[in-house]
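There are 2 protein chains.
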Amino acid sequence: MSVHLQIEATRGAARAGRLITPHGEVETPVFMPVGTLASVKGVPQDVLEELGVQILLSNTYHLYLRPGVETVRKMGGLHRFMAWDRAILTDSGGFQVFSLTELRKVSEEGVAFRSHLDGSSHFLSPEKAMEIQIGLGADIMMAFDECTEYPADGQRMRNSMELTLRWAERSKKYFEEHKNEVPWAAGRQPLAVSHQGQQVLRSAQDDNFIGHEHEKDQTQALFGIVQGGMDAALRRESAERTIDIGFPGYAIGGLSVGEPRELTRDIVLSTLEHLPADKPRYLMGVGTPEEIAQYAQAGVDMMDCVLPTRAARHGLLFTSEGKVSIKQARYAQDESALDPGCDCRVCQRYSRAYLRHLYAANELLAQVLNTVHNLHYYLATMRTVRSWIRAS
Amino acid sequence: MSVHLQIEATRGAARAGRLITPHGEVETPVFMPVGTLASVKGVPQDVLEELGVQILLSNTYHLYLRPGVETVRKMGGLHRFMAWDRAILTDSGGFQVFSLTELRKVSEEGVAFRSHLDGSSHFLSPEKAMEIQIGLGADIMMAFDECTEYPADGQRMRNSMELTLRWAERSKKYFEEHKNEVPWAAGRQPLAVSHQGQQVLRSAQDDNFIGHEHEKDQTQALFGIVQGGMDAALRRESAERTIDIGFPGYAIGGLSVGEPRELTRDIVLSTLEHLPADKPRYLMGVGTPEEIAQYAQAGVDMMDCVLPTRAARHGLLFTSEGKVSIKQARYAQDESALDPGCDCRVCQRYSRAYLRHLYAANELLAQVLNTVHNLHYYLATMRTVRSWIRAS
């Protein structure tokens, strides 16, 4: 199998273990930072490594538009392109296209949409989404699904769920027929273009970048996505029928689309009961630090969210004492660390007064430092949950 | 003396040595990166340390407006405020005010100007510029001067030079009477504000941040500035009369204001002949990599310029093979390093294709990585010149 989960400890519904991927092991439960355009905004890859990031999420829709899948494929896939030799997951593009409310049209075949950048016309189908994701070459790719809008009536939720199931079948079929086309598949690794005899070393630690031990024997993994709107029975049916199709991992999609947080929680908890215990469970696009800790305790293995990185760029920082809006004048002469309980490189060196100044003066460094701190906070939150599970 | 130059080797007119400051030694000739608002845009302080930056320049005018000198003074001065325990130089604000062509009015007393941020009215005089710079607490501060516009006629150049000389006297007088008021002077170090018993450690390597060995016995140094427009005789007179006033270092100001590059060079070379051999010589606001190497070879000890950092943010990169405009489509699938001859962390890890993508997609990381590379290039250029001098 391309990707699989080794469960090493459990505590109640929670599990701690390792997700084995072609590009290294990932300690779970894991929070995956979002690097939309093959970059976590403002943070160099070596800092991500230092923060302990073991898997990143990147967005198919955005990469499809810029730089385009052909460029990434020719560069050997996302890992080589962005000089990141740890694991990567790509979404299917379905959620981003769903967000283009005024610019998309859904049919049985797929979704026609217009680019948010230049209005150009494009079409994504299950097959096309697989083709793109194979070209990007992430370790984990996602089935093409329809994210049901909220609110939606019962018939709409069922129809949408059924469409997602048909698209899951098509996604799997295309993937199985083409998975050997991943840029880093055995015999497919393109020779690096040399430049006057020089060649970029992608990692200071490891100039044998191409070869994780087993990379050549492995392929990507395709995860299925459970939909079904806010109806627990439909969610159960979606889970069971997605499992029937058969994937090495299952995601819960279609949440955080405007519904109350309690409803999100109810749907997550009821859906989790119907997912296989031995496969990774991925809750998409969630949430606050409290939520990711709660969901990990409830048995979710993987989560992603733009919240820590996006909030950082708006000066909203997560700390052990609660949220801090660093733009406030009250911090202008505050010599203390942002979070006295935090051992990240930002809190170890800089004062709130300095961070407040950087933000108020619109300095680039504000976004860099704020992002590093918030990512550290999310990753530390998950480390704490993993320890809690293993301490049982 | 507060700051002094130890000359350790010479080659022709060039000198290599060490500038001894209250915050560490600086190998000269040195290029000083510009951190306008107490930050080199996009680059964390630990990366500056890793790049080998030993002295930064920060701008009095900008810091006076944001966050204001009182904030910096209360935080213990710029070093503590920005968590940088190596040397800092502040300009006098004169050049920035000079740049506000439509917003300033010069009189014998000083310069009335309006903020470029909100149009509010302010007044800078020699005394005020010293008061601000003492509050900022840089190791080296600059006399308040008038930067003569180009072109200017003979009478205008003389009048402007005479004004700068009178302002130099006033600057020195105020400085000598108030230099014990620097925030880090003996007995003046404010107690750090503690936050629930925690306190920010400003340096991962050194939690005894306050105390460089001799900091408490030392004061800031005030450098004089030679003006005189584009007239070699006036420059000579300005140099001689500024030396008569007496400073521990001398700058050549008023260049790179629109004149041809050859004229800049002629004025620099002729002025250098009239500066004392045993004092640091600082050429302000210059230049390209070729120029900083040439001027160092001609006997300049210190230079600063926004070019490497500003150009980086516009995708213009300096390499051993010439300038690279990374936005160009020709680099979209170029797997080679930006500069195959460069050992900076950017060139060691990332490809031109990735840097081009980051720039084209307007990713924050483009500005961060480009700045790191260009600074490395400038600093490496000066390392080469220093080796060349010492190899004589």
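Line order of the protein sequences matches chains A and B. Numbering-wise (our numbering), the first sequence opens with residue 1018 and increments by one. Numbering-wise (our numbering), the second sequence opens with residue 1018 and increments by one. The beta carbon of each residue, even a glycine, is placed where N, CA and C say it ideally should be. These numbers were taken from a predicted model, which means no experiment stands behind them.
For residue i versus residue j, is the C-beta spacing smaller than 8 Å?
i, j, result
"A:R1187", "A:E1144", "yes"
"A:M1174", "A:G1111", "no"
"B:V1303", "B:L1272", "yes"
"A:P1046", "A:R1327", "no"
"B:V1020", "B:P1265", "yes"
"B:A1026", "B:I1105", "no"
"A:M1319", "A:M1147", "no"
"B:S1177", "B:Q1244", "yes"
"B:A1160", "B:L1239", "yes"
"A:V1114", "A:L1141", "yes"
"A:A1268", "A:T1236", "no"
"B:Y1348", "B:R1330", "no"
"A:R1103", "A:Q1071", "yes"
"A:P1297", "A:L1022", "yes"
"B:D1321", "B:V1051", "yes"
"B:E1352", "B:S1368", "yes"
"A:V1057", "A:L1082", "no"
"B:I1309", "B:R1028", "no"
"B:L1300", "B:V1274", "no"
"A:R1362", "B:D1063", "yes"
"A:E1259", "A:A1315", "Reading off the sequence shown, one finds Thr at residue 1259 of chain A, where the question assumed Glu. Not a contact, by the Cβ cut-off of 8 Å."
"A:I1284", "A:D1162", "no"
"B:G1059", "B:T1388", "yes"
"A:E1067", "A:Y1167", "no"
"A:P1306", "A:T1398", "yes"
"B:V1089", "B:L1153", "yes"
"B:A1378", "A:L1054", "yes"
"A:L1289", "B:P1061", "no"
"A:V1385", "B:V1385", "yes"
"B:G1041", "B:C1164", "no"
"A:A1313", "A:S1287", "no"
Where does the unbroken beta strand (DSSP E) through residue i begin, and where does it stop?
i, result
"A:S1075", "1072–1075"
"B:I1242", "1238–1243"
"B:I1157", "1157–1159"
"A:Y1299", "1298–1300"
"A:M1320", "1319–1321"
"B:A1397", "B:A1397 -> not in any beta strand (DSSP E); alpha helix (DSSP H) instead, spanning 1381–1407."
"A:A1268", "1267–1269"
With residue i and residue j assumed to form a contact (beta carbons below 8 Å), what rounded beta-carbon distance in angstroms separates them?
i, j, result
"A:I1430", "A:K1196", "What is shown of chain A runs 1018 to 1409, which leaves residue 1430 of chain A out entirely."
"B:Y1371", "A:F1098", "6 Å"
"A:Y1394", "A:C1359", "7 Å"
"B:L1182", "B:S1255", "7 Å"
"B:T1107", "B:T1077", "5 Å"
"B:I1262", "B:K1189", "6 Å"
Could you spell out the range, first to last residue, of the alpha helix (DSSP H) harbouring residue i?
i, result
"A:V1421", "Chain A is shown from 1018 up to 1409; residue 1421 of chain A falls before or after that span and cannot be answered."
"B:D1283", "1278–1289"
"A:D1261", "1249–1262"
"A:K1190", "1171–1195"
"B:Q1235", "No alpha helix (DSSP H) contains B:Q1235, which DSSP labels as neither H nor E."
"B:P1306", "1306–1314"
Does any CB atom of chain C fall closer than 8 Å to the CB of residue i?
i, result
"A:Y1299", "Checking the listed chains, one finds no chain C in this structure; the protein chains it contains are A and B."
What are the residues in the segment 1168–1195 of chain A lying within 8 Å of chain B by C-beta distance? none
Completely contained alpha helix (DSSP H) runs for the segment 1059–1146 of chain B, where each covers 4 or more residues: 1062–1068, 1077–1082, 1086–1091, 1095–1099, 1111–1116
May I ask you to list, following chain order, the residues of the segment 1358–1376 of chain B that have a beta carbon less than 9 Å from some beta carbon of chain A? G1358, R1362, V1363, C1364, Q1365, R1366, Y1367, S1368, R1369, A1370, Y1371, R1373, H1374, L1375
Could you run through the segment 1135–1160 of chain A and flag, in chain order, every residue whose CB is less than 7 Å away from some CB of chain B? Under the 7 Å Cβ criterion, the segment 1135–1160 of chain A contributes no residue.
Could you please tell me which residues of the segment 1083–1104 of chain B, in chain order, have their CB closer than 7 Å to any CB of chain A? R1083, P1084, T1088, K1091, M1092, F1098, M1099, A1100
Using a Cβ cut-off of 7 Å, which residues of the segment 1376–1405 of chain B contact any Cβ in chain A, in chain order? A1377, A1378, E1380, L1381, L1382, Q1384, V1385, L1386
Can you check the segment 1323–1378 of chain A for any alpha helix (DSSP H) of at least 4 residues that lies completely inside it and give the ranges in chain order? 1324–1330, 1362–1366, 1369–1377
Going along the chain, which unbroken runs of the beta strand (DSSP E) with 3 or more residues stay wholly within the segment 1024–1059 of chain A? 1031–1038, 1041–1045, 1047–1049
Name the residues in the segment 1318–1329 of chain B whose C-beta lies less than 9 Å from a C-beta of chain A; which are they? Residues passing the 9 Å Cβ filter: none.
For the segment 1056–1076 of chain A, enumerate the residues whose C-beta is nearer than 9 Å to any C-beta of chain B, in chain order. S1056, V1057, K1058, G1059, V1060, P1061, Q1062, D1063, V1064
Cβ-based contacts, 8 Å cut-off: residues of the segment 1030–1056 of chain B near chain A: Cβ contacts with chain A: L1054, A1055, S1056.
Taking beta-carbon pairs under 8 Å, can you tell me which members of the segment 1334–1355 of chain B lie near chain A? A1349, Q1350, D1351, E1352, S1353, A1354
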